[in-house]
């Protein structure tokens, strides 16, 4: 076992996680709860994580909620069950705390679509523009931005900027196009997108609506414009969850990553939630990056306190400024 642990740590960067065998008889829920108390650790989980991880988490949310929780927690260790940029955000806001990510390879197609070196050249072409970046981006992109936003607060963030001030919006072109329509601002968009939200099939969703005429279509603004155009409600993951709780409809076609259905079903046991069909052969709309995290990996990263997110201090400070500006504007707007 000692040799196995040593090999797992040596191969951590290559594998992305600690490849250590876990006793199949171990109660992982109880073991994780014990490690939380023993190490003064908190588990944050994004809505797109697998149900078991959501159920063992101390806080479940989307980008804004998780960012705020990371900033105010008094835990010594933050275990971020999400993707890499989310754990980076926690480290940016809480440098004195140890931040763990169950699998380092839990990345993000949207974040990967904006390499910092290319984005800097793009930004330099518009020297009079300020940069508003969606939080689903790397620390490098955050450091090149003036304000960060989330899908929950993006509209308020944009409205806080004077109308005579031109804006670059990055990295999601679909969210950017939606915000242009909502705010009337003529923003320059970086050409990035989320692989999960881009694969939804308008044709299949339309056919599904015919089979379920009373169902309401609720969609995340990272979806393509044609899909958003037929939605009854568009909003962040948290907003979709709240809408499903408050609306009188008994059926919902949910156009976002399937992980959120777990919370929707828990909060609304009498309602039906139908995952929107994507335009691919496997008919799956799970984020492959989010689903790299497992309960076993979560337990192992807490037990051995690896993989750990580290960051060069100059980058951290530069990336923190636009996040703080976001949190200030959000607080002023009551978000």
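Residue numbers (the numbering used here): 1182 to 1516.
We treat Cβ as the ideally placed atom computed from N, Cα and C, and that holds for glycine.
Note that this is a predicted model, so its numbers are computed, not measured.
Residue-chain proximity (residue i, chain D), Cβ-Cβ < 8 Å
i	result
residue 1348	Absence of chain D from the displayed structure is noted, only one protein chain being present.
Exposure of residue i, with buried meaning 16 or more beta-carbon neighbours within 10 Å
i	result
residue 1464	Low per-residue confidence applies at residue 1464: pLDDT is 47, beneath 50, and the placement is therefore not dependable, though the value from the model is reported in the following sentence. Residue 1464 comes out exposed.
residue 1343	exposed
residue 1394	exposed
residue 1207	exposed
residue 1372	exposed
residue 1195	exposed
residue 1466	buried
residue 1354	buried
residue 1480	buried
residue 1246	buried
residue 1474	buried
residue 1317	buried
residue 1301	exposed
residue 1434	buried
residue 1230	buried
residue 1299	exposed
residue 1450	exposed
residue 1365	exposed
residue 1510	buried
residue 1423	exposed
8 Å Cβ cutoff met for residue i and residue j
i	j	result
residue 1349	residue 1401	no
residue 1517	residue 1224	No answer is possible for residue 1517: the residues shown for the chain start at 1182 and end at 1516.
residue 1201	residue 1213	no
residue 1295	residue 1322	yes
residue 1412	residue 1399	yes
residue 1471	residue 1438	yes
residue 1269	residue 1324	no
residue 1307	residue 1352	no
residue 1436	residue 1457	yes
residue 1404	residue 1291	no
residue 1477	residue 1209	yes
residue 1211	residue 1337	no
residue 1339	residue 1370	no
residue 1235	residue 1443	yes
residue 1397	residue 1414	yes
residue 1482	residue 1203	no
Cross-strand partners of residue i (DSSP beta bridge)
i	result
residue 1262	1226
residue 1459	1381
residue 1370	1350
residue 1453	1432
residue 1498	BP columns for residue 1498 are empty, so no partner.
residue 1281	1260 and 1489
residue 1397	1433
residue 1330	1315
residue 1241	1226
residue 1415	1400
Any non-hydrogen atom of the ligand NAP closer than 7 Å to residue i Cβ
i	result
residue 1299	In terms of ligand content, the structure shown is empty, and the ligand NAP therefore cannot be addressed.
Stretch-stretch touch, CB-based, cutoff 8 Å, three pairs: the region 1281-1294 with the region 1484-1501: yes
Within the chosen definition, does the region 1229-1241 reach the region 1502-1514 through at least 3 CB pairs nearer than 8 Å? no
When you compare the region 1281-1300 with the region 1263-1271, are there three or more beta-carbon pairs, one atom per stretch, that lie closer than 8 Å? yes
Between the region 1405-1420 and the region 1320-1335, do three or more beta carbon pairs fall short of 8 Å? yes
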